[in-house]
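Remarks on the structure that follows.
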Amino acid sequence: MNKQSTAKKLRTGSVSKYVAYLFLIILCIIWVIPVIFGITTSFRSQTEVVSSGFRLFPEEWIFENYAAILDNTSTAPILRWLMNSLIIATSHTILVVIVISITGYGYSRMKFKGRDTLFFTLLGISFFPGVVNLIPSYKIIDALGWVNTPLAMIIPGLAGMGNIFLVRQFMSGIPKELDESAHVDGASHFRIYWSVILPLIKPVLIVCALFSFTGSWNDFLWPVIVYTDVEKMPITAGLLLLQDIYGNYRMIGQLMGSAILAIIPTMLLFLFSQKYFVQSINLNSGIKG
Numbered sequence: 002m003n004k005q006s007t008a009k010k011l012r013t014g015s016v017s018k019y020v021a022y023l024f025l026i027i028l029c030i031i032w033v034i035p036v037i038f039g040i041t042t043s044f045r046s047q048t049e050v051v052s053s054g055f056r057l058f059p060e061e062w063i064f065e066n067y068a069a070i071l072d073n074t075s076t077a078p079i080l081r082w083l084m085n086s087l088i089i090a091t092s093h094t095i096l097v098v099i100v101i102s103i104t105g106y107g108y109s110r111m112k113f114k115g116r117d118t119l120f121f122t123l124l125g126i127s128f129f130p131g132v133v134n135l136i137p138s139y140k141i142i143d144a145l146g147w148v149n150t151p152l153a154m155i156i157p158g159l160a161g162m163g164n165i166f167l168v169r170q171f172m173s174g175i176p177k178e179l180d181e182s183a184h185v186d187g188a189s190h191f192r193i194y195w196s197v198i199l200p201l202i203k204p205v206l207i208v209c210a211l212f213s214f215t216g217s218w219n220d221f222l223w224p225v226i227v228y229t230d231v232e233k234m235p236i237t238a239g240l241l242l243l244q245d246i247y248g249n250y251r252m253i254g255q256l257m258g259s260a261i262l263a264i265i266p267t268m269l270l271f272l273f274s275q276k277y278f279v280q281s282i283n284l285n286s287g288i289k290g
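This is the structure we're talking about:
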């Protein structure tokens, strides 16, 4: 009876595994086909885009769309936009890592009156939709003179409560005996943070850095509001401008090529950092053994 039950459980487990695999394969196909179609569309002529209907691969591969995109340095300087986005996203990510690591240390390891009340109050406020803060945020940015400057995108959102929550929870899994031992040796809070805690929280800082970089790079609504100078725009605001430039002339191939160029940096980022990303998901990986 036990052998039959075991065999039945194994069969059930195998069926569940195959169903799960089938479900994931279907999801993958649903996600991949539009991406492939978008990439191949950027290599089609305008005539083929209009006349051929849905065809996954073009009849003739052309590179004129990308040549036209890169040659247009006046009304649509896409390379300039990509550089602007790279500077903004990189600067924002570095500052985010610094701010959330220090803030997470304060909420996790330091004791002060109202610590938990303050933390959960700010966490609750963060659940409000970001669109609610658009007008007040713009008023502040305008008063500081940051409109049409990289600071308009670099500074806001540095202390995101979602990232701080992840860091705080990760730090909570690190034994406080390490802090106490360092205190006995005469270490200050900054010394403990820098020499003891920071090396142990690298996994969660990596995942927060990935989220911050992609979030800054892909941000669309905010840059459209704070940028009006074409030369200073990031790539997402530039893509909206391209819809007016290429869309009016029905240059679908060039518009799609611009979108493909915009997603290359984030694709490369995840391609080379996926190992660290998977490791960072485990919030209990700060201490091994």
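Counting along the sequence shown from 1, when you hit position 120 you're at 121 in the numbering used here, and nothing is skipped either side. In this text, a Cβ means the ideal position worked out from N, Cα and C, and glycines have one as well. Quantities reported herein were computed from a predicted structural model and do not represent experimental measurements.
Our two residues, Arg116 and Pro151, have alpha carbons roughly 33 Å apart in a direct line. With fewer than 16 other CB atoms across the displayed protein chains lying within 10 angstroms of its CB, Cys29 is exposed. The beta carbon of Leu80 is closer than 8 Å to those of Leu71, Thr74 in its chain, skipping five residues each way along the sequence. Of all C-beta pairs linking the segment 229 to 236 to the segment 100 to 109, fewer than three are shorter than 8 Å, placing the two stretches out of contact.
Rounded to the nearest angstrom, the gap between the Cα atoms of Ile37 and Lys112 is 53 Å. Selection Met84, Arg45, Val51 evaluated against Asn66 yields Arg45 as nearest (Cα-Cα). Of the candidates Leu23, Ser189, Ile156, Val197, Ile156 places its Cα closest to the Cα of His93.
Rounded to whole angstroms, Glu178 and Ile198 show a C-alpha spacing of 12 Å. In the structure shown, the three-state DSSP call for Tyr19 is helix. Pairwise C-beta distances place the segment 251 to 258 out of contact with the segment 160 to 172, as fewer than three of them are shorter than 8 Å.
For Thr94, the enclosing alpha helix (DSSP H) starts and ends at 79 to 110. About 5 Å separates the Cβ atoms of Val98 and Leu206, confirming a contact at the 8 Å cut-off. Taking Ala77 as reference, the option from Ile265, Val225, Asp245, Ile264 with the minimal CA-CA separation is Asp245. Note that the segment 135 to 155 touches the segment 217 to 229; at least 3 beta-carbon pairs, one per stretch, sit closer than 8 Å. At a Cβ-Cβ threshold of 8 Å, Thr215 and Thr267 count as neighbours.
The C-alpha of Asn134 lies about 42 Å from the C-alpha of Gly54. Here the alpha carbons of Phe271 and Leu87 stand approximately 15 Å from one another.
The Cβ neighbour count for Gly131, taken over all protein chains shown within 10 Å, is under 16; the residue is labelled exposed.
For the pair Gly39 and Ala260, the CB atoms are nearer than the 8 Å cut-off. In this structure, Ile142 lies away from Val50, with their beta-carbon atoms at least 8 Å apart. Membership of Ile141 in the alpha helix (DSSP H) is indicated by the continuous run 135 to 145. If you draw a 10 Å sphere on the C-beta of Trp62, you find fewer than 16 other C-beta atoms in it, and that means exposed. Listed in chain order, the non-local C-beta contacts of Ala90 below 6 Å within the same chain comprise Phe214, Ser217, Trp218, local neighbours out to five positions each way being set aside. Look at Lys114 here: in three-state DSSP terms it is coil, with no helix or strand label.
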